[in-house]
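As structure tokens, the structure follows; a few thoughts come after it.
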């Protein structure tokens, strides 16, 4: 197991809807966010994009009158975050130390 030490204005863990929304807003504020998410792993049943990656029809999201598939919506979220400058990193996070500044 390797230890990664990063000093960033904004570090977001997880690329579900909340993580990508945080990435979009912080990137638009020119904070240069780093979004870290676990790589896809069939055994652990994980996939970047969170729960929406296994959701079929999303019918209650504004702007998609006919609905949209969960994975397709997450592709759009990610493209928007990338467009504004979010940096992405695939890594397993099992501990975050917040005892010292900066955190």
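Residue numbers (my numbering): 6 to 108.
For each residue, glycine too, the CB sits at the ideal point set by N, CA and C.
Measure the C-alpha to C-alpha separation of residue i and residue j and round it to an integer number of angstroms.
i: residue 59; j: residue 100; result: 26 Å
i: residue 45; j: residue 67; result: 28 Å
i: residue 118; j: residue 80; result: For the chain, the structure presents residues 6 to 108; residue 118 sits outside this window and is missing.
i: residue 37; j: residue 94; result: 13 Å
i: residue 13; j: residue 82; result: 22 Å
i: residue 26; j: residue 105; result: 27 Å
i: residue 103; j: residue 65; result: 37 Å
Got a sec? Which residues, its chain only, sit under 8 Å from residue i by beta carbon, not counting five neighbours each side?
i: residue 63; result: 57, 69, 72, 73, 74, 75, 78
i: residue 24; result: 17, 18, 40, 42, 55
Among residues of its own chain, excluding the 5 on either side of residue i, which ones have a beta-carbon nearer than 6 Å to its beta-carbon?
i: residue 16; result: 39
i: residue 90; result: 32
i: residue 88; result: none
i: residue 21; result: 55
i: residue 48; result: none
Excluding the 5 residues preceding and the 5 following residue i in the sequence, name in chain order all residues of the same chain whose CB lies nearer than 7 Å to its CB.
i: residue 52; result: 45, 58
i: residue 97; result: 43
i: residue 61; result: 74, 75
i: residue 34; result: none
As a quick exercise: from the options, pick the residue whose alpha carbon is nearest that of residue i.
i: residue 29; options: 85, 104, 13, 102; result: 85
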